[in-house]
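Position one of the sequence shown corresponds to residue 5 (my numbering), numbered consecutively onward.
Everything below concerns the one structure shown next.
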Amino acid sequence: MTTDGPDKTRADGTSVQAAPSPESHYSTHIVLTTYPGQSGIDPVPLNWGAKDAKSRGPVVVSRSGPLLKRRNAMGAHGGSYSIYNALAIAAGDLPPDFRPDFKNSEPTFNFPWQPAWADKDKIVAMDPYGHDIVNQFRDELNAGWDIRPTMAVTRANMKLAEIGEAVRDGKLDVDGSIVVDSSGEVRVTKVAVEPVWYLPGVADRFGVSEPILRRTLFEHTGGSYPELITRPDLKIFLPPIGGLTVYIFGPPERVSDENVKLALRIHDECNGSDVFQSDICTCRPYLAFGIREAIREAQNGGSGVVIYFRKEGRALGEVIKYLVYNARKRGGDTADKYFTRTENIAGVRDMRFQALMPDILHWLGIKKIDRMLSMSNMKHDAIVQSGIKILERVPIPEDMIPDDSRVEIDAKINAGYFTTGRQYTMEELAEVKGRGWEKWEDITH
Ligand SMILES: [Zn+2]
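This is the structure in structure tokens:
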């Protein structure tokens, strides 16, 4: 039960009524884990791959009150932000039993049901009904259950310098509905997705057994989710990782229309380039090119989609990435050694594992991609193996590649990334060098 707490002074000096202290909310008996068959354990039925949300059942992950015994999923909502949520409760800014008011938060576009939503093999890494929780589980919400959307659909205007330039250079037209004006303002439909894993399906994608997957997730998150081990009957895990965002240009109903062309880019986060425009890689230029071509396809009566995955630095993170940058710059930054530098530090060259990526394409109802704006074989192969055709692959245009990023792009092409241009030999790659550090600072080597 919520009881009013005392007044509390915020960091900015303003006074607010504090949420009740967490101590008064939690019982002194801490339940570290649960077991099947334990007294009162009665998970809400959940049939992954059911034909609609109601027969599938809600994903219940909360440990709040009686839900501790009724939950049917492990982990927490919000991906990596689940930790901030916990901090807000610890700090007294958020009551432990807070229930959101979802009024007016429903999707701005109702994506049509797709057969893949009811296919437990096609979608294993997101909740296909995660956008429609409020509508489908109104009774449970009204009864005070803590269940939450894991997807949200909205629309917005966006402005990207490169799109403004493309309009000025005559490479894109102002059409008044997608590209709104000559400054390059663009209308977009956006879908945010948090990860929801159906563990048997995830294990299948990687060709491993479910017990091994559960054991590694348990061991290598510091033992954070003991029910991975003690509750083999719970099949759903909300992992503490980033999700993805879909950007749709043009009418969203065209995305699943097989009769119109689709241009698509799958983009994995690279904050240094995407936001801060570091020139060591081709990420932002390729992203801008992808958005431009997606808009162009939508303007031609087709559809354009860019999907942005929070998989910073090939899902190795920025600390590993910068360590690799240093090793590259100090060790002679040539394209032939590009992947070795990453393998030395991370153990692998890439942890993005595209096996789970196609889920969102199936959720959107995409059956074929006319223009795939990517050179990555891992992305291409994952999509094609999942049953979606790719008709054309479009590399980044040469004039959009920053000089210092030649090391990256030529190494990738040599490693088998798709190109319509030339593939360099290892000998030639040794000659492709990045800019050194000597020009602007005095870091000791
Ligand atoms: Zn990058």
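C-beta: ideal position from N, C-alpha, C; glycine also.
Every value quoted in this text rests on a predicted model; they were computed, and no experiment measured them.
Asked: Heavy atom of ligand 1 within 7 Å of Ser-390 beta-carbon; Found: no
Asked: Sheet register partners of Val-195 (DSSP bridge); Found: Val-157, Val-250
Asked: Residue of Arg-439, Thr-286, Met-379 minimising C-alpha distance to Phe-422; Found: Met-379
Asked: One or two residues paired with Lys-239 in a DSSP bridge; Found: Partner(s): none; Lys-239 has no beta bridge.
Asked: Completely contained beta strand (DSSP E) runs for the segment 256-343, where each covers 3 or more residues; Found: 266-272, 307-313
Asked: For Ala-434 and Glu-257, the rounded distance between their alpha carbons; Found: 48 Å
Asked: Three-state secondary structure (DSSP) of Gly-168; Found: helix
Asked: 6 Å CB neighbourhood of Trp-52 in its chain, flanking five on each side removed; Found: Lys-124, Tyr-202
Asked: C-alpha gap between Gly-9 and Tyr-30, whole angstroms; Found: Reliability fails at Gly-9, whose pLDDT of 47 lies under 50, so the model's placement of it is uncertain and the value that follows must be treated cautiously. Cα to Cα, Gly-9 sits roughly 15 Å from Tyr-30.
Asked: C-alpha distance - Pro-399 paired with Ala-147, whole-angstrom precision; Found: 52 Å
Asked: Ile-373 versus Asn-114, Ala-292, Ala-298, residue with shortest Cα-Cα distance; Found: Ala-298
Asked: Inter-stretch contact (C-beta, 8 Å, three-pair minimum) for the segment 267-286 and the segment 404-416; Found: yes
Asked: Pro-100 and Ile-93 closer than 8 Å at C-beta; Found: yes
Asked: Residues that DSSP places opposite Trp-201 in a beta bridge; Found: Phe-241
Asked: 6 Å Cβ shell around Cys-287 - same chain, five flanking residues per side excluded; Found: Cys-274, Ser-277, Asp-278
Asked: Simplified DSSP state of Val-3, which is helix, strand or coil; Found: This structure does not reach residue 3, given that the chain is present from 5 up to 449, and the question cannot be answered.
Asked: Extent of the continuous beta strand (DSSP E) to which Met-78 belongs; Found: 77-79
Asked: Residues near Thr-234 by beta carbon distance below 6 Å, same chain, minus five either side; Found: Thr-37, Tyr-39
Asked: Counted within 10 angstroms of its Cβ, other Cβ atoms place Leu-145 as buried (16 or more) or exposed; Found: buried
Asked: Cβ neighbour criterion (16 or more within 10 Å) applied to Lys-325; Found: buried
Asked: Meets three-Cβ-pair contact criterion under 8 Å: the segment 104-121 and the segment 164-184; Found: no
Asked: Strand pairing of Met-376, partner residues [DSSP]; Found: Leu-268, Arg-397
Asked: Chain-order list of residues whose beta-carbon lies under 6 Å from that of Ser-66 (same chain, five-residue window excluded); Found: Asp-150
Asked: Through-space distance from Ala-339 to Lys-333, alpha-carbon basis; Found: 11 Å
Asked: Proximity of Lys-315 and Arg-345 at Cβ, strictly below 8 Å; Found: no
Asked: Rounded C-alpha distance that separates Gly-306 from Arg-191; Found: 15 Å
Asked: Segment limits, alpha helix (DSSP H) that includes Asp-363; Found: 363-368
Asked: Integer Cβ distance of Asp-272 from Arg-318, believed to fall under 8 Å; Found: 7 Å
Asked: Contact test: Ser-277 Cβ vs ligand 1 heavy atom, cutoff 7 Å; Found: yes
Asked: Cβ-Cβ distance between Val-259 and Leu-248 below 8 Å; Found: no
Asked: Assumed close pair Val-157, Phe-210 - CB separation to whole angstroms, cut-off 8 Å; Found: Incorrect: roughly 29 Å between the Cβ atoms, too far for contact.
Asked: Option in Pro-362, Ala-95, Asp-414, Leu-395 with minimal Cα separation from Glu-402; Found: Asp-414
Asked: Three or more C-beta pairs below 8 Å linking the segment 78-90 and the segment 167-175; Found: no
Asked: Terminal residues of the alpha helix (DSSP H) in which His-29 lies; Found: 26-29
Asked: Cα-Cα separation between Ala-302 and His-366, rounded to whole angstroms; Found: 20 Å
Asked: Best match in Leu-238, Gly-134, Ile-245, Glu-27 for proximity to Pro-47 [C-alpha to C-alpha]; Found: Leu-238
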